[in-house]
Amino acid sequence: MDYKELNSKYKKIAKLSNDKKNIEKILMDKYKAFEIPLYSIDIEDYTNDDEVNEKIFINYST
1 MDYKELNSKY
11 KKIAKLSNDK
21 KNIEKILMDK
31 YKAFEIPLYS
41 IDIEDYTNDD
51 EVNEKIFINY
61 ST
């Protein structure tokens, strides 16, 4: 496959929006994720995690 074919194939793919509601819907529908209430998690468990930015933190899902 050359770049023109790859570009043509890419343009035909339906783009997904990356808004919060759409991402949550995909997680719930496709991966059967559910939200974990923040109060059920000890604050040290996520403030000491280098991969979690608690300033932009919305919710946990699993």
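For the record, in the sequence shown the residue sitting at position 7 is 7 according to the UniProt record's numbering, with numbers rising by one throughout.
We put the CB at the ideal spot given by N, CA and C, even for glycine.
Distance between residue 37 and residue 51, taken at the CA atoms: about 19 angstroms. Per DSSP, the continuous alpha helix (DSSP H) segment holding residue 27 begins and ends at 20-31.
Rounded to the nearest whole angstrom, the C-alpha separation of residue 43 and residue 59 is 13 angstroms. Listed as beta-bridge partners of residue 60 by DSSP are 36.
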